[in-house]
Amino acid sequence: MNAVTVKHAFPVPDVKDALDNLRGAKYFAAIDLLSGYWQLGMTDRARERSAFCTRRGLYEFTRMPFGLVNAPSTFCHLMHFVLHDSLYVICV
14 MNAVTVKHAF
24 PVPDVKDALD
34 NLRGAKYFAA
44 IDLLSGYWQL
54 GMTDRARERS
64 AFCTRRGLYE
74 FTRMPFGLVN
84 APSTFCHLMH
94 FVLHDSLYVI
104 CV
């Protein structure tokens, strides 16, 4: 599936640039985004293409799984959209 997917060209932020924004900060907090991809729903068309077969039947992902070629850029795009006012000011 990854071989035929049209790539979503949203840049993933550079870690060095993000860490440079922490210079002089007094307070730090962390947000656990370990399961962040699971918060992104998939379109009906993407669900059909994510289908896989087991002995118990055909299953489709309803949320974005890890391993899809566009998952990192789509997640970064969403975080950029949600945090656009705070990004690189109070959020890295």
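Under our numbering, the first residue of the sequence shown carries the number 14, and numbering increases by one thereafter.
Cβ coordinates follow ideal geometry from the N, Cα and C atoms, glycine included.
Note that this is a predicted model, so its numbers are computed, not measured.
DSSP-derived helix/strand/coil call for residue i
| i | result |
| --- | --- |
| Y72 | strand |
| T56 | coil |
| L32 | helix |
Assigned exposure category for residue i - 16 Cβ within 10 Å defines buried
| i | result |
| --- | --- |
| M14 | exposed |
Terminal residues of the beta strand (DSSP E) in which residue i lies
| i | result |
| --- | --- |
| T67 | F65 to T67 |
Separation of residue j from residue i, as counted between CA atoms
| i | j | result |
| --- | --- | --- |
| Y72 | L35 | 43 Å |
| A16 | M92 | 25 Å |
Where the alpha helix (DSSP H) containing residue i begins and where it ends
| i | result |
| --- | --- |
| F88 | A84 to V95 |
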